[in-house]
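These protein sequence lines are chains A and B, in that order.
Those letters in the first sequence? Residues 84 to 520, by my numbering.
Those letters in the second sequence? Residues 284 to 519, by my numbering.
Idealized CB from N, CA, C, for every residue including glycine.
Here's the structure we're looking at; comments come further down.
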Amino acid sequence: MTSYAESRETTEGKVFTVTGGDWDEVIAGHDPVSEERIVVNLGPQHPSTHGVLRLILELEGESVTETRVVVGYLHTGIEKNLEYRNWTQGTTFVTRMDYLAPMFNEAAYCLGVEKLLGIGVPERATTIRVIMMELNRIASHLVWLATTGLELGALSMMLYGFREREMILDIFELASGLRMNHAYIRPGGLAQDLPDAAVAKTREFLELMPGKLKEYENLLSGQPIWMKRTKGVAVLDVTGCLALGVTGPVLRSAGLGWDLRKTMPYCGYETYEFDVPVRESADVWGRYEVRLDEMRESLKIVEQALDRLAPGPVMVEDRKIAWPAQLALGVDGLGNSLEHVAKIMGQSMEALIHHFKLVTEGFRVPPGQVYVGIEAPRGELGAHVVSDGGTRPYRVHYRDPSFVNLQALPAISEGGLLADVIAGGASLDPVMGGCDR
Amino acid sequence: MTVPIPTTPTGASSGAPAEHPPSSPAGRGMFGVAGSGDTSGFGGLERRRPTALDTPRPYGEGFDEVVDALEAAYPAFDEAIERVVVDRGELTLHIRPEHIVEVCQALRDDEALRYELCSSVSGVDYLGQPDGRRLHAVYELTSMTYRRRVRLEVAVAADEPHIPSVTRVYPTADWQEREAYDMFGIVFDGHPNLTRILMPDDWEGFPQRKDYPLGGVPVEYKGVEIPPPDQRRSYQ
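Next comes the structure, spelled out in structure tokens:
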């Protein structure tokens, strides 16, 4: 008989190297009385770690005695790269951080740059930003619901979640031309106006989504397996959340209704009517309920924002900051409008110089530093933006909620069962692109 | 690959640190401009060192109240606080490294302050700082009770980059201090497990420092070679 789990003797006892599919053999060679400790490596390539998260779990039987979290596998140096591009190009980089919430990354960065510049953006741009952020929140929560359903055995949920998310991605595509990595929100406003088709599509989505949310609830909420896998699992109370810096749905599931849209409003959130869903159970079930309710609240906000969407500019009037041309669709894709090209090439030398300066060199941002925190789907997304007065960011640091929240994984998994590590980890909703940046 | 030399830049007379690496050997940019460095001719922005600011009282916007409360709660206030800066509606307290833990403790526990949440810890490298203390650790604290924020800034020299860890007061600073160590080489004394977190364990150097090159290789596209981003021409 071949041995799938090789073992070797060490000073601390017998150590097995497990390669998968050989659990029986590990158990067979294991004396549960004298050697109770098993160290299991989970990830970084494991479907239930939401990307490249690595966990090292020490087990005693089925119970986890110690959890160590290893991150950094998706570190791409985005913050360093930002320092070598101009302020407008920065938005193209930050959108790639938390790839399930690109609009939030862009919004935090742009709000930071605008605060440094001391400018406000036109009303219409702010309203469209709110629409985009709330749609993005729904999309992000749908992915959370889909993947968590998959991990806990509700396979249909995974298909439904991604199916509805596709509609939101279609809206994003209509607005920005891209399904992800939009770079749609720019310092000073938006890359381009929201087309009427996108508004119609959003209305259509608003019609459809409440029924779908009901459907998910019918599918999961009464289901015994779902309840057993989530209720009383991975509990983290308010004290634990605050000590570990955990914000977002996890904090609200523990009973503290801290939502930056309400407590420190930005983008005019104080003018929208919506509730902050709160639960007291502090477990995976509570986080599930909070996220479902948040999707409903987001729909309410999107509806109000669509109603107040009045025609107007979507970029600041200041021609020293705003991109010199409106974008237009040509045969070879999106580019400068033909009228603008005709103007700079044939009529106005000054306009050509101005265009050249702004596009190649960018605009200058007065020196100083700001911190902007916004409520992303996973919690407080903070952008610490430093300028030295030049055309490029001096330093941009992202306080990503995935990074901070993951610190709580040992606290919520140690002492529990191995299977609950998956449910607990999923309930934190970590996105490694944001965590590792 | 050439590593930029950490000297005071000569491009703009006021010498803002982000001008590393200088885009031309003379450090004068493409247009050879001295003075404000505003080669664009518009904007009229004057460069100045952001750290040279020191806001006099009254600070306004409710910040006097915060500083008064801290003064009352923390007896060694005058020793600990180097400068108070109010800029763009944000309050920054520059703290001497040895006092950071006690200041955090006072900010967290005092009833009039109640900064329960440490939102963010990050680093900034102000290369070419006249006093040599180029590495700054920046803490963003949030008071959920009073719904306000404060920023603490601690500056240390690169050859003596020691700051006491605030993990005892704010456990959430654990990973964030590890990141600041990983990226800037700031050593947080008393941290339970100060190891690299985003970079590989055996990585050499601290990538976010300003004298650490971005790296990259030239890319050929349609017969033209495009240099890596940090070697492309740039404007000052």
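The alpha carbon of B/Thr428 has as its nearest neighbour, out of B/Glu381, B/Leu353 and B/Asp393, the alpha carbon of B/Asp393. For B/Leu410, no Cβ of chain A is located within less than 8 Å of the residue's own Cβ.
Contact residues of the stretch 474-490 of chain A toward chain B are Thr474, Arg475, Tyr477, Arg478, His480, Arg482, Phe486, Val487 and Gln490 (C-beta to C-beta distance below 7 Å). Here A/Glu463 is buried, its C-beta having at least 16 other C-beta atoms within 10 Å. A/Arg220 counts as buried, since no fewer than 16 other beta carbons sit within 10 angstroms of its beta carbon. By the rule that beta-carbons nearer than 8 Å mark a contact, A/Thr148 does not touch chain B.
A/Trp227 and A/Ala509 have their alpha carbons spaced roughly 8 Å apart.
Excluding sequence positions up to five before and after A/Arg391, its CB lies within less than 8 Å of the CB of Thr210, all in the same chain and listed in chain order. Contact check for A/Arg212 and A/Ile251: beta-carbon distance about 15 Å, past the 8 Å limit, so the pair fails to qualify. Ranked by Cα distance from B/Phe467, the first of B/Thr450, B/Ile509, B/Val421 and B/Val449 is B/Val421. Contact of B/Pro339 with chain A is not assigned, every C-beta pair being separated by 8 Å or more. Within chain A, the C-beta atoms nearer than 9 Å to that of B/Arg432 come from Met347, Tyr454 and Gly456, in chain order. For the pair B/Asp457 and A/His467, the Cα-to-Cα distance works out to about 18 Å. Setting aside the 5 residues that flank it on each side, B/Arg416 is surrounded in the same chain by Ala438, Val439 and Ala440, each with a C-beta closer than 7 Å to its C-beta; the list follows chain order.
Looking only at A/Ile121, A/Leu125, A/Val101 and A/His133, the smallest Cα-Cα distance to A/Met515 is reached by A/His133. If you look at B/Phe489, you'll find it isn't in any alpha helix (DSSP H); DSSP assigns it neither H nor E. In the DSSP assignment, A/Gly413 falls within the beta strand (DSSP E) that extends over Leu410 to Gly413. Taking a contact to require three or more Cβ pairs closer than 8 Å, the stretch 423-435 of chain A and the stretch 163-180 of chain A do not qualify as touching.
Non-local C-beta neighbours of A/Gln128 in its own chain, meaning closer than 8 Å and more than five positions away in sequence, comprise Val135, ordered along the chain.
Shown here for B/Val349: not one same chain residue has a beta carbon closer than 6 Å to its own, the five before and five after excluded. Contact of A/His158 with chain B by beta-carbon distance below 8 Å involves Leu481 and Met482. DSSP places B/Pro447 in the uninterrupted beta strand (DSSP E) bounded by His445 to Pro447.
Taking 8 Å as the threshold, the shortest C-beta distance from B/Glu394 to chain A does not fall below it.
For secondary structure counted as the beta strand (DSSP E) over 3 or more consecutive residues, the stretch 401-477 of chain B holds these complete runs in sequence order: 418-426, 431-439, 445-447 and 470-472. With the rule of 3 Cβ pairs closer than 8 Å, the stretch 193-208 of chain A does not count as touching the stretch 359-370 of chain B. Under the three-state reduction of DSSP, A/Leu136 is assigned to coil, being neither helix nor strand. Considering only beta carbons, the part of the stretch 162-176 of chain A lying closer than 8 Å to chain B consists of Glu162, Lys163, Asn164, Glu166, Tyr167 and Arg168, in chain order. With at least 16 other beta carbons inside 10 angstroms of its own, A/Tyr371 counts as buried.
Positions of the alpha helix (DSSP H) runs, each at least 4 residues long and wholly inside the stretch 327-399 of chain A, are given as 332-336, 343-346 and 367-390 in order along the chain. In the three-state DSSP reduction, A/Ser431 falls in the coil class, being neither helix nor strand. Only those residues of the stretch 183-201 of chain A whose C-beta falls short of 8 Å from the nearest C-beta of chain B are listed: Lys198, Leu199 and Gly201. DSSP places A/Thr93 in no alpha helix (DSSP H) but in the uninterrupted beta strand (DSSP E) bounded by Glu89 to Thr93.
Three or more Cβ pairs closer than 8 Å define a contact, and the stretch 357-370 of chain A falls short of that threshold against the stretch 472-480 of chain A.
Rounded to whole angstroms, the separation of the alpha carbons of B/Tyr495 and A/Phe288 is 48 Å. The beta carbon of A/Glu353 sits no closer than 8 Å to any beta carbon of chain B.
Excluding the 5 residues flanking it on each side, A/Gln490 has same chain C-beta neighbours closer than 6 Å at Leu327, in chain order.
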